[in-house]
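Note sheet for the following structure.
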Amino acid sequence: MSNLPETNRSRDSQLWKDLVLGNEQALGSLMRIYYRSLLNYGQKFNRDEEFLKDCIQELFIEIWNRRQTLSSPDNVKAYLFSSLRRKIYREVHKLPLFSHPESADAEDSGLHVEFSPEWWLIEEESLAERTRKMGHLLNLLPKRQREVIYLKYYQELSRDEIAQVMSISPQTVSNLIHLAFVNLRDRIKTVAISLFIILTLFLV
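Numbering-wise (my numbering), the sequence shown opens with residue 65 and increments by one.
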């Protein structure tokens, strides 16, 4: 189980090498592997599924067209997430409604992650209400803090990979995670302590 992420990285690295060499099947394999994850991530920015599907398709077309000039990323998944994030922002900000986007340095800038009870995958019915409350507390976090929590504990990216996706420093990632914990700690009195212990185990 613990070797699965490394196995996936090795698989992705080989597929990327094959893609660069002109193997269309390798491109298709990467798209099949990450299409759903990319769509789920994109939905945190924009709820227009057709728009997101177009962005993902265009992203892979761009990768294919630029394959001969692309270097091999350390982590293909993080590269795809980062590329899709930038592409969505570029495309959304072309629209008149977003002609004055928020500053990228604003604390509350970032993606609109919403946590549902299912995110925790806690099956015990007795914990349903506490799980719902925890999801509510997570949704109260500033956007960038929610994003790092989502990428680290839902997408299982490392600190450096999250930094790559969000175009921030690894230290900023650590700071955001710490701030998220501080915010949760300050609000945790509304949730049973046992659920907070579960959360702490996730964040080790």
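C-beta: ideal position from N, C-alpha, C; glycine also.
Is there a C-beta anywhere in chain C that falls below 8 Å from the one on residue i?
{"i": "P234", "result": "No chain C is present in this structure, which holds just one protein chain."}
Could you check the C-alpha separation between residue i and residue j for me, to the nearest Å?
{"i": "R210", "j": "W128", "result": "32 Å"}
{"i": "Q89", "j": "R223", "result": "31 Å"}
{"i": "A227", "j": "K108", "result": "18 Å"}
{"i": "L241", "j": "Y99", "result": "With the sequence shown as reference, residue 241 is identified as Ile, and Leu is not the correct amino acid for it. C-alpha separation (whole angstroms): 27 Å."}
{"i": "Y105", "j": "L204", "result": "19 Å"}
{"i": "Q121", "j": "Y217", "result": "26 Å"}
{"i": "I97", "j": "E70", "result": "15 Å"}
{"i": "V246", "j": "L202", "result": "12 Å"}
{"i": "L148", "j": "C119", "result": "7 Å"}
{"i": "G199", "j": "N87", "result": "43 Å"}
{"i": "D250", "j": "R111", "result": "31 Å"}
{"i": "Q235", "j": "I213", "result": "15 Å"}
{"i": "S74", "j": "K207", "result": "32 Å"}
{"i": "L116", "j": "L248", "result": "31 Å"}
{"i": "S238", "j": "A244", "result": "10 Å"}
{"i": "Q78", "j": "K158", "result": "35 Å"}
{"i": "K151", "j": "L144", "result": "10 Å"}
{"i": "Y153", "j": "L103", "result": "15 Å"}
{"i": "E113", "j": "D82", "result": "30 Å"}
{"i": "S101", "j": "E126", "result": "19 Å"}
Under 7 Å from any heavy atom of the ligand FAD, does the C-beta of residue i make it?
{"i": "I120", "result": "Within the structure as shown, the ligand FAD is missing, as the structure has no ligands at all."}
Starting from the C-beta of residue i, find all residues in its chain whose C-beta is less than 6 Å away, skip the five residues before and the five after it, and write them out in chain order.
{"i": "S231", "result": "none"}
{"i": "V140", "result": "D76 and W80"}
{"i": "F124", "result": "M95"}
{"i": "S146", "result": "Q228 and V229"}
{"i": "S93", "result": "L79"}
{"i": "L91", "result": "L83 and W128"}
Looking only at its own chain, which residues have a Cβ that is under 8 Å from the Cβ of residue i, when we skip the five neighbours before and after it?
{"i": "V84", "result": "R131, Q132, L134 and S136"}
{"i": "E220", "result": "P69"}
{"i": "S233", "result": "A227"}
Between which residues of its own chain and residue i is the CB-CB distance below 7 Å, once the five residues before and five after are set aside?
{"i": "E155", "result": "C119"}
{"i": "E225", "result": "N139 and A142"}
{"i": "L215", "result": "L221, I226 and V229"}
Write down every uninterrupted run of the alpha helix (DSSP H) in the stretch 111-135 whose length is 4 residues or greater and which is fully enclosed by it, in chain order.
-> 113-129
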